[in-house]
Each structure stands twice: as C-alpha cells, then as structure tokens.
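Everything below concerns the one structure shown next.
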Amino acid sequence: MDIEDDEILQGFIEESLEHLADIENDLLAIEEGGANTDEDLVNKVFRAAHSIKGGAGFMGLTTIQELSHAAENVLGMIRSKKLIPTPEIINVLLIASDQLQSMIEDVHNSNEVDISSHLLPLNAIADGSFSQPPPQEAPAEEVKAKVKHTENKSEPPPAGTVEKTKPVAAKPKPKPKPEPEAEPEPEPEPIALPEEDEDDEQSVDSEIHSTTTQSGRSEPAGDKNKTAGPPAKAETTLRVHVSLLDSLMNLAGELVLSRNQLLQTIGSDDLRNAEAVGQRIDLITSELQEAIMLTRMQPIGNVFSKFPRVVRDLSKKLNKTIDLNIVGKDVELDKTIIEAINDPLTHLVRNSVDHGIEKPADRKKLGKSEIGLVVLKAYHEAGQVVIEISDDGKGLDGEALAASAISKGLLTPEQAQAMSDKEKINLIFLPGFSTAKEVTDVSGRGVGMDVVKTNLDQLGGHVDIISEKGAGTTISIKLPLTLAIIPCQIIETGGERYAIPQVNLEELLRIPANQVKNRVERVGDAEVVRLRGTLLPLIRLADVIGIERTYFDHTEEEIKPDRRESNADRRGKESPLFRNPNEPDKKSQQKDEMYNRSVLDRRYSASSALNIVVVSTGAIKYGLIVDRLQDSEEIVIKPLGRHLQQCKGYAGATIMGDGRIALILDVSNLARMARLNSIDGSDRAAEVAKAAEDALRAQKDRQSLLIFKSSKTEYFAVPLNQVERIEKIKRSDIEELGGKRVMKYRGGSLSLICVDDLATVLPLADHEDLLVIVFNIAKRAIGLLAIGPIDAIEISADIDDTTISQPGIMGSIIIEQHTTMLVNVFEMAQTLFPQWFVEREKAVVETADESEPPTILIAEDSKFFRNQVKGYMTEVGYKVIEAEDGVEAWNKLHEYGDLIAMLVTDIEMPNMNGFDLTHKIRQDDKYSKLPIIALTTLASAEDMARGQAVGVNEYHIKLDKERLMVSVHDYMKRRY
Amino acid sequence: MADDKTTATSKRIVELATFYVGDALCGMDILKVQEINKLMQMTKVPQAPDYVVGILNLRGQIVTIIDLGLKLGLGATDLTQDPRNIIVNSAGAHVGLLVKKISDVVSADMERRELAPANMRGIQGEFFTGVYKTDTSLIGILNVDKVLSLED
Chain F
562 MDIEDDEILQ GFIEESLEHL ADIENDLLAI EEGGANTDED LVNKVFRAAH SIKGGAGFMG
622 LTTIQELSHA AENVLGMIRS KKLIPTPEII NVLLIASDQL QSMIEDVHNS NEVDISSHLL
682 PLNAIADGSF SQPPPQEAPA EEVKAKVKHT ENKSEPPPAG TVEKTKPVAA KPKPKPKPEP
742 EAEPEPEPEP IALPEEDEDD EQSVDSEIHS TTTQSGRSEP AGDKNKTAGP PAKAETTLRV
802 HVSLLDSLMN LAGELVLSRN QLLQTIGSDD LRNAEAVGQR IDLITSELQE AIMLTRMQPI
862 GNVFSKFPRV VRDLSKKLNK TIDLNIVGKD VELDKTIIEA INDPLTHLVR NSVDHGIEKP
922 ADRKKLGKSE IGLVVLKAYH EAGQVVIEIS DDGKGLDGEA LAASAISKGL LTPEQAQAMS
982 DKEKINLIFL PGFSTAKEVT DVSGRGVGMD VVKTNLDQLG GHVDIISEKG AGTTISIKLP
1042 LTLAIIPCQI IETGGERYAI PQVNLEELLR IPANQVKNRV ERVGDAEVVR LRGTLLPLIR
1102 LADVIGIERT YFDHTEEEIK PDRRESNADR RGKESPLFRN PNEPDKKSQQ KDEMYNRSVL
1162 DRRYSASSAL NIVVVSTGAI KYGLIVDRLQ DSEEIVIKPL GRHLQQCKGY AGATIMGDGR
1222 IALILDVSNL ARMARLNSID GSDRAAEVAK AAEDALRAQK DRQSLLIFKS SKTEYFAVPL
1282 NQVERIEKIK RSDIEELGGK RVMKYRGGSL SLICVDDLAT VLPLADHEDL LVIVFNIAKR
1342 AIGLLAIGPI DAIEISADID DTTISQPGIM GSIIIEQHTT MLVNVFEMAQ TLFPQWFVER
1402 EKAVVETADE SEPPTILIAE DSKFFRNQVK GYMTEVGYKV IEAEDGVEAW NKLHEYGDLI
1462 AMLVTDIEMP NMNGFDLTHK IRQDDKYSKL PIIALTTLAS AEDMARGQAV GVNEYHIKLD
1522 KERLMVSVHD YMKRRY
Chain Y
2 MADDKTTATS KRIVELATFY VGDALCGMDI LKVQEINKLM QMTKVPQAPD YVVGILNLRG
62 QIVTIIDLGL KLGLGATDLT QDPRNIIVNS AGAHVGLLVK KISDVVSADM ERRELAPANM
122 RGIQGEFFTG VYKTDTSLIG ILNVDKVLSL ED
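Right, here's the structure in full:
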C-alpha cells in the first residue's frame, strides 16, 4: 500500500480515532433513543463515518474505506428514517466501529484484514435482508461462524504475514476496553439467541478473566496502543491547548531572564537585589510547575467513556437492565493516574454490575425498580479527586463477609466479634477473599478487591466502602491530583529529617511536659494517648526504624539522647529501689550525674514535651512520636536505590532546600513494622480502652452532678439526684419577707437560699435572669438561687473533703480544670431553717432514750462518702462502726455481733463488693434479719433488682441524706 | 585489517581505575566509572544493610553509597581519612562505592590477567574476576555488577 506521507497519515489516524471514540457513545445514545432518534446525533455519526471513509480512500486504505462505507450506508438509512435503529443493528455497527478502530491503529496492515464478517451483516441490513425486527438465526449464525473463522484463520497465518495477521486476530473489537480479547465475546451473543451461545461465551469469558486479572495488559504483541484504549493512546502523544503552550513558553522566557538577573546580581554582590530576584524565580518556578502539571492533566472522562459500553455488554449478558449515570467527566487528573485507575475502575464497575445489582426478578420482589442503577461520579474534594462507584443493588453483608473470612481461615471468630460493621465490610480487601458465592466469569475469581486496593494504594489513593444491606454499595476512591509532587510534613528524629505525606496526616499533637504523665498511658507494652476520648496507639519512630531515642533540647538547640523507658516515666531509669545490687555502682552514679544535668531539668522544660504526628492509613490511625516538627513542604519524590528496597519503612526520598536528603516515610509499612496491623490495632486499642476504663471504674464511683455558678467566678455542684427541678426566674420575682427570700411557686411560697447565706463564698451575681434549683428537703421544697451556665455531667473524680470544707460545702472536685465546690444543701437547709427538722430529731431522741444508742455498720471504700454518711448518723445520735470494704465489714460484723443494728453498705468496693457482702450475710442465719441498706451513686434498675435478689432491704442514693435518714429511722423504730 | 587490529587491541587492553579498599589494591574498568568525588554530606538510612553508608544528593539524583570495604569483608572504611566515592553506573542506576584512596589508571592487558588465588586475603573471591600484575603491585580486578547485585 502506498502511504503518501507519514505526517498526513498520522493526522488521519488521530482524527479517525477521535471520531471513533465519539461514535461509540453516540451509537449507544441512538440505541437508547430507538425510533425517536435524535437526528443530529445520527448526522454526527454519519459524518464521522463519512470522513473516515474519505480519508481512508485518499490514503489508499481500501479495507478501512470499504468497511466505513458499509457502515455509512446503514447510518444513512437510519438518518433518512428508512431504518429504525434496533439494538441488533446498533450492535453490528458497534462491532464494525471496533474493527475500524483496530485497523486504524494498525493502518499498515489494515488492508490485509478480512472484514467480510462485518461487511456481510452491514450489507444485509442495508439491503433489507437482515430481516429487521426479529433478528433471524441465519445471519446471526453466519456472523458468528465468520467471526470464529477470522479468529481461526489468524492462528496458522501465511508465512510472511505473521505479524500482520496476529494483531488482527486479537482485534476484532478492542475498542475502548483494556482487554483486547474480552471483546469478541459480546458480539455474537446479542445477535444469536441467548440459549445457544452458552458454551462459546463461557470459553471466551474465561479468557477475559485471565487477561483482566493479570492486568489486562498482558498482550505484548506490539499493540501497546490498543491495549489500554484511549488513555493508552495518550502514552505517545498528548494534546495540549495552544494557550497553555504559550504560557509555558512565556514562563520559560521569564525564567531565562531571571537567571540572567541572578547571575548578574551574584557578580555584583548586591544582596538586596538578590532577594528580589530570588522571589521572582520562586514565583516563576511555581507557575511553571503548575503549568507543566496542567499539560499532564486529562479529563477523567477518558476513562469513564468506556463504561457505558462495558455496562451495556455485561448487563446484556447477565440479563439485567442497568442504567449507568456518569457525573463529572470533566474532572482532571494526572495522566499517569488516569492510566493507572483504568483497571481498578473496570473491576469495580464490573463488580457492581455482576455482584451488586440483583436480577430484575429479585429486584421486583424487593420492591425496587427493575432497572438497576450504577453511578460513576468524580469530583474534587480538599485538593483530592474523589471517584465514587455506587449501585443500588443488594449491598454488602458484613456478617456474611465475616463468616466467609472465618471459614477461609483469614480471621478468628473472636476477632470477628470485636469488629465493627465497617471493619467487616473492609474484609473484602483481604487477599484471598472472594465475595460472590459462586464465581461468575464476569468479575473475578477471588482475585480482586485486594488487587484493586493494592493498585490504588500505590497511587497514594484511599478506598472506602459504604454499604447498606439491601440498599446498595458506594465505593469511594480518593486520589491525589498528581503523583510527581506531593505536600509533606517534615519532621526530625535522631538528627535526620523525614517527610510524611500530607495525605496520611491527620493532625499534629504536642503534649506539654506537664501533661505527658496524665495523657500518655502505658497498658502492657503499648503506649497510648488519650485524644478526645479515644485511645490512640503510639509508635516511636526511633524505635521502629531502630535508632537511638533522642530529643531536641530547645534551650541548647541540640539533640540529646533520651533514656526514659516510657513517656510517663518521670524518673531516671534506675530508681534506687529497683537497682540490682550486683550491678556496679559506678554506672548508676554516672547516670545520676547525667540526670542531674539534663533529665531532671527536662521534667520542667519545654523539651520534654511530646511531639506526635497523628497519621492514618485507612483502617489504622496511630501517633508517631518524633523529636521535632518542622514545616510542611511540597516535595518531589525520588526513588531509592535497589540496595535500599528492603527498607520497608520508606516510600522514597526527596531533596530538601539545603541539598540534603530526607527520607519519605511509608506510614502503613511503619505500622506493620510496629506490628500494628488493622485488626490487631483496633483490637488492641479496644482492649486497652476497656482495661483503662475498668481500672478507672474500680477506683472510683461515678457521680452525676449538676454544675452551676453563683458568683461569676466560682463553680458549684450538687448531686443531680437531689435536684427536683430547675426554674428560670427574674430577679424581680424574689420577695424579701421577714429577712427571708421567698418567691411564688406552685401556689405557695418557696424559700430561697443562696450558697453565700452559709458558706463564705462570693455573693450571688447581680444578674437579672436567675435560676432556682429546687430541692425537696424535710418534705418541703427549697430553692437555691444560682446563675448559669448549668450543666449536668457524670464524672468519676476524687472528691477532696478537706481543702475547702466549710459549712454548706462538703468538699471540692476538679471538673474540666475548674475546682468545683460541692454544695451540701441539706446542711444549708438545716442551718437556715432549723425548725423544719425539730420534729424528727425528737423521734430519734426518743428511741435513744430507751437504751444504748443503736450501732450502725457502714461499709464504704471512699473516705469522703464514709465521712458524709457517718456524719449523718452521728449527728442524730447513732453510733457508727466503719469498714473500708466488704471483707472488713464482714469481720467487724463478727467482732461486734449483735451490737450492730444495721448495715449501710456501698455497692462498688474493692475485695468484696456490696452484693457479695449482702449475700454472705444473708447466708448466715444469725444475721438473716439484719437490715441492710445499700448506697449507690447511680441506681440502675438492674442493680436494684440484683440487690433485692441477694437480700438488700433498701436502696438509697449517696448524699441523699433526707431519704436515707428517714429509712434508717424507720428500721430503727421497727427494731424496738 | 587495521580496523580489525584496533578492535582486537581494545578488547585486550582495558584501562583500569585502581583504588585502595583497606590495604588491598583493586581495579575496575574505567568505563564503568561515571565520576569520582569527595565524600559529601550523607543521609543515614536506618534499617539499611550495614554496608550502605547512606544516601546522597548527586545533582538531583539520589545515590546509594556502599562501603566497599564492608561489602568485600575488608573492614569498614574510615570516614575521617578523606575517603572517595566512585560513582558507577550499574543496572541503570547510579551507585557510589566508598573507597579509602584512589590510585592510578592502569592499562592492563586482559590476556595477562590471572585467576584470583582462592585464599586472597579473606576477600570473597567471587567478587574478583582475576588479578593483574604490574611491575610494582598486584591489582584485584573487581566485578562491579557482581558486587552490586542483590543476590546475597
């Protein structure tokens, strides 16, 4: 064949391929339109076919010309409405356009291609013998046979034309798909009746599979162009807008000018000017970088555009009806990324079509529309591109996934139990995991999602699955815009700088020296830090990469070795208590010296603060302890030499501004090196959290408190369970009568008190809006005046009953950094309104008169509460014996025997809790009648039931003196 | 004829860049050498094999520096004694070889090359393709690609 001029030919090829790329989607649109075809669209396709024909004729590419002519004929008939575009006809046209594309990509051999298999049906359609409406078997069979024929033919090719024919065989339709052989498949099928193509399909399909899984690019036969469809084509040439080129040219010119200026300035030693030139170069370089980056940007539509066809062919084969919605075709991504996401995306889309969307019948049963919907969406978010593939299919079943993982031995049942739904769904990414119950040929044979994830990980991407069973699945992929230059956080450890990619960065955390002890905890061998309520595992960078621990001394500006065992460790490693007596003393002396000089000082100096980089790698989030945090910089990734490939902790290296090198950390591999893999990580964190919580709970009782203010600066609290209600009032509502403050309240008058009536605290703030906290004491309501803000919290902090103890205040407690005074409302009422209590005191005195005052045993571990309760009792004349826990109480009970008239016990106590104590007492006949009152901070129904079961007579809430004492009196009276 | 002769000669005569690794005089084909420079500021790579001294920035390229002494089992090269880096091109990437001292370039007639004695001062014989005798010294000819291969 005569090929006139390479340049003209190249132009023709490029133009034709562009036409073909459009043709495909246009044909699909025409198919959808059916009889009401959009004329413009048909015209467009017609013109495209026509110009290919014209060009091919000019270039002497007869085969291409012939085929495009045949296609043009059919299109012409559609245009003139002589023919209604049925799916069968469109199919033939599509196949023909695939063939055209493959021939054009390999023009030099195009004339040798046998296109009779395409011409036949096309011509049949054109002359009406294709038997329009119901596609006959005859032509179909024929086509099929012919297709096979071509394929076979290619196998034993005539000697001289080996290379020429081979690509042809592979080509029948590799149009936009990455897998050339995949295509021949669907073609016979739609024409032929569905039943008969079974086995044929099967075989080709398995081929598809092998190729897809092996990466779709396994075809080395020189058909690079073909394999990856449109994006791959871009490998050799790239279309760049002229205006962009112009601006590049301009910038390059600017850069040259600036260089000249710089050289001049350096020569003349003019510092001020140098600065200006430096700035200029800085500016130009950034602009240049951006502009060059732009040339590499391509619309993601290049990849997306092939999916309509993929979905169409697949859904046909699977007998499903599926709509594909594409949003955000114009979103641009770096060329390399576009190319690399092709395979993973294809896999995901196939998955959605095959496994996600149910069969129409099933959908109908579920009340869904029979037509499934797959949405492909791309958009920008926070400097990254997000691609979402969502379907409205059956969704992922976390339980089923977990069960399957267990049966495959990838997971233990215990692990599965500890996993959240999200973690279970993420199991799909485990290597060796296949979702489909039966392997179908369309998507995957158990190789799949893990490969997808690995591919995306390599791109610095991040995959996330959101799935609701029955409602559908959304897979969202976050990708960086470009791979070449990435923003990184620079950190320093052991005197070397390291870079952490910003994508992995969650936040930077600095724990000041004086908080390290409180916030960093050590559970087992794991160090964790409390971060907004969750426990974050900590890894020391120095330990993971095996260098000496160091810290950066800010005052001396130098790096010093760090010898602390753990972060919470505030002493020298060798405390005299633990010193091995056999060890030579010299060493410890030496060390002591060192501590005196640096470590001791460090406790108070800024240098002992912890710098933590919180990083996340999908499932795992952890804190990396580093010596020093530096700036965030944009860096260029450079690969490490092959001798360093074994160092898994690094993703590469970069050159810093001063010419030195910084290693780029691979945070997911660091986590692996520190043995923090995702399941273990979450397990461990959960365990640690639980252990820490249990420890806390065992130590202290939890207490619900209402926090309020009286003056502007002092914080007060009362036990929440004593509060009846809270009223908002105006200052003008208060009436002063007979030296007492009262207000109208529910048809009566309510006595009002202030904290400062009894306690020496600042007076009530002069606010117009006031709050009245209403209590019920001695069967009367009493109101405590307060100002907001008020808040109810549940805490388990230590109550200090000595520091601020005074009349009306029972102690203090630290709540959110504020010292808060615990108001003793009972005591206040008693002091301010003694007459309310006269009656009852009489009753007590009466009983006391008869004989010795009764003795009450109090079992309570908290000194504060023990003293409070003891106070209530002794105040009215009872004798009290104290016990610190259940065991002691039991012993005291034996010791004093009958003397003890009643037991008041706490529930949460070390050694023996209140339930066990009660149980034990009730087992003993001697004490079976002993009244037992249980005190608790939070009376849950569950606890009460349990208490009753073991024999507790009554339940009371701690600090509710009123009720407790009434009940105590009752029992005492009964006794006598 | 003349042409033939030149090719033959060029095959036979190889220019050897020679250098000291520890006390041993070694040589390699000078065409393998891209450049020789003084030790620059290197960045240590924790977790790297012990024979990797670090990496450095060679005009925008990251080059791994290998202590030839350690690699050949001749003891670490003393960094304070002004050692040199021989940057070689191996398997498509640049690698720096840290040596104690650079010596002359020697034209060696490969036909006069002798097999390395098996007991060559503890050096792993596999890294040497042979020894070459000059009037004054004995040069061990290094197989650079072998030294830099990752098989071990």
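First to last, the sequence lines map onto chains F and Y. So that you can map any letter, position 946 of the first sequence is 1507 in the numbering used here, and since no number is skipped, the others follow by simple counting. So that you can map any letter, position 127 of the second sequence is 128 in the numbering used here, and since no number is skipped, the others follow by simple counting. Quick reminder that beta carbons are idealized off the backbone N, C-alpha and C, glycines included. This one's a predicted model, so the numbers in the text were calculated from it and none came from an experiment.
* **Residue-chain proximity (leucine 1205 of chain F, chain Y), Cβ-Cβ < 9 Å** => For leucine 1205 of chain F, the nearest beta carbon of chain Y is closer than 9 Å to its own beta carbon.
* Asked: Where does serine 1229 of chain F fall in DSSP's three states?
  -> Serine 1229 of chain F falls in the helix class under three-state DSSP.
* Asked: From glutamate 1285 of chain F to phenylalanine 1336 of chain F, what does the alpha carbon distance come to, in whole angstroms?
  -> Rounded to whole angstroms, glutamate 1285 of chain F to phenylalanine 1336 of chain F spans 5 Å at the Cα level.
* Proximity below 9 Å, CB of asparagine 652 of chain F to CB of proline 869 of chain F -> Against a cut-off of 9 Å, the Cβ pair of proline 869 of chain F and asparagine 652 of chain F comes out as no contact.
* Since asparagine 1208 of chain F sits in a beta bridge, which residues does DSSP pair it with? -> In the sequence as displayed, the identity of residue 1208 of chain F is cysteine instead of asparagine. Per DSSP, none; premise fails for cysteine 1208 of chain F.
* Under 8 Å Cβ to Cβ from lysine 39 of chain Y, same chain only, skipping five residues before and after it: list those, please. => Closer than 8 Å at the Cβ level, and outside the excluded window around lysine 39 of chain Y, lie Asp83, Arg85, Asn86.
* To do: Starting from valine 89 of chain Y, find everything on chain F with Cβ-Cβ shorter than 7 Å and list it in chain order.
  => For a Cβ distance threshold of 7 Å, nothing in chain F lies close to valine 89 of chain Y: the least Cβ distance comes to about 12 Å.
* Asked: Nearest CA to the CA of glycine 1343 of chain F: which residue from F/Trp1397, F/Asp659, F/Ile1417?
  -> Looking at the sequence provided, one finds isoleucine at residue 1343 of chain F rather than glycine. That would be F/Trp1397, whose Cα lies nearest to the Cα of isoleucine 1343 of chain F.
* Kindly say whether proline 84 of chain Y, judged by its beta-carbon, lies nearer than 9 Å to any beta-carbon of chain F. => No Cβ of chain F is located within less than 9 Å of the beta carbon of proline 84 of chain Y.
* Using a C-beta cutoff of 9 Å, does cysteine 1049 of chain F count as contacting chain Y? -> It does not; no Cβ of chain Y falls within 9 Å.
* In chain order, what residues of the stretch 42-56 of chain Y put their CB closer than 9 Å to some CB of chain F? -> Within the stretch 42-56 of chain Y, the residues whose Cβ lies closer than 9 Å to some Cβ of chain F are Gln42, Met43, Thr44, Lys45, Val46, Pro47, Gln48, Ala49, Pro50, Tyr52, Val53, Gly55, Ile56, listed in chain order.
* **Supposed close pair valine 603 of chain F, arginine 640 of chain F - CB separation, criterion 8 Å** => Taking a contact as a CB-CB distance under 8 Å, the pair valine 603 of chain F and arginine 640 of chain F counts as one, their CB atoms being some 5 Å apart.
* Report yes or no: is there a C-beta of chain F within less than 9 Å of the C-beta of leucine 149 of chain Y? => At least one chain F Cβ lies under 9 Å of leucine 149 of chain Y.
* To do: Using three-state DSSP, classify methionine 1217 of chain F as helix, strand or coil.
  => Secondary structure of methionine 1217 of chain F (DSSP, three-state): coil.
* To do: Give me the Cα-Cα distance between lysine 1534 of chain F and leucine 1418 of chain F, rounded to the nearest whole angstrom.
  => Rounded to whole angstroms, lysine 1534 of chain F to leucine 1418 of chain F spans 17 Å at the Cα level.
* **Nonlocal neighbours in the same chain, by C-beta distance under 7 Å from leucine 654 of chain F, ignoring five residues either side** => Taking C-beta separations shorter than 7 Å and ignoring five residues to either side along the sequence, the partners of leucine 654 of chain F in its chain run Leu588, Ala632, Val635, following chain order.
* Asked: According to DSSP, is leucine 98 of chain Y helix, strand or coil?
  -> Here leucine 98 of chain Y sits in strand by DSSP.
* Asked: If you measure from the beta carbon of asparagine 786 of chain F to each beta carbon in chain Y, is any gap under 9 Å?
  -> Only weak support is given to the placement of asparagine 786 of chain F: the predicted model assigns it a pLDDT of 37, under 50, and the value that follows is read from those uncertain coordinates. Chain Y places no beta carbon closer than 9 Å to that of asparagine 786 of chain F, leaving this residue out of the contacts.
* To do: Just the C-alpha distance for histidine 908 of chain F and serine 866 of chain F, rounded to the nearest angstrom, thanks.
  => Just so you know, the alpha carbons of histidine 908 of chain F and serine 866 of chain F end up roughly 15 Å apart.
* Asked: For isoleucine 1287 of chain F versus valine 1333 of chain F, is the C-beta distance shorter than 9 Å?
  -> In contact: isoleucine 1287 of chain F and valine 1333 of chain F (Cβ atoms closer than 9 Å).
* Asked: Can you name the start and end residues of the alpha helix (DSSP H) that lysine 925 of chain F belongs to?
  -> Per DSSP, lysine 925 of chain F is one residue of the alpha helix (DSSP H) stretching across 921-926.
* To do: Closer than 7 Å by beta-carbon distance: list the chain Y residues that pair up with leucine 972 of chain F, in chain order.
  => In chain order: nothing, as chain Y lies at least about 30 Å away.
* Consider the Cβ of glycine 1218 of chain F: report whether some Cβ of chain Y lies at a distance smaller than 9 Å. => With 9 Å as the cut-off, glycine 1218 of chain F does not count as an interface residue toward chain Y.
* Report all residues from its chain with a CB closer than 8 Å to the CB of alanine 1170 of chain F; omit the five preceding and five following residues, and keep chain order. => Only Arg1071, Ile1072, Pro1073, Ala1074, Val1077 meet the Cβ criterion.
* So what does leucine 875 of chain F bridge to, in DSSP terms? -> Bridge partners of leucine 875 of chain F: none, in fact.
* Considering only residues of the stretch 832-867 of chain F, which uninterrupted alpha helix (DSSP H) runs meet the minimum length of 4 residues and lie entirely inside it, listed in chain order? -> You should have 832-857, 862-865.
* Selection of the stretch 642-659 of chain F by Cβ proximity to chain Y, strictly under 7 Å -> Of all residues in the stretch 642-659 of chain F, none places a beta-carbon less than 7 Å from a beta-carbon of chain Y.
* To do: Could you pull the start and end residues of the beta strand (DSSP E) that lysine 1440 of chain F belongs to?
  => For lysine 1440 of chain F, the uninterrupted beta strand (DSSP E) run begins and ends at 1440-1444, by DSSP.
* To do: List the DSSP bridge partners of isoleucine 1494 of chain F.
  => Isoleucine 1494 of chain F pairs with F/Val1465, F/Glu1515.
* To do: Locate the alpha helix (DSSP H) running through methionine 1434 of chain F, then write down its first and last residues.
  => Note, methionine 1434 of chain F: alpha helix (DSSP H), 1424-1436.
* Contact under 9 Å by Cβ, proline 1041 of chain F with isoleucine 1196 of chain F -> Not closer than 9 Å, so no.
* Got a sec: is the Cβ-Cβ distance from glutamate 1057 of chain F to anything in chain Y below 9 Å? -> Cβ-Cβ to chain Y under 9 Å: yes for glutamate 1057 of chain F.
* Local conformation of valine 64 of chain Y per DSSP, three classes -> Of the three classes helix, strand and coil, the one that applies to valine 64 of chain Y here is strand, per DSSP.
* Contacts of valine 100 of chain Y in chain F (Cβ-Cβ under 7 Å) -> Those within 7 Å of valine 100 of chain Y in chain F number zero; the least Cβ separation is about 17 Å.
* Chain-order list of residues whose beta-carbon lies under 6 Å from that of leucine 1414 of chain F (same chain, five-residue window excluded) -> Note on identity: in this sequence residue 1414 of chain F is proline, with leucine being the wrong assignment. Same-chain partners within the cutoff: Gly1438, Tyr1439, Lys1440.
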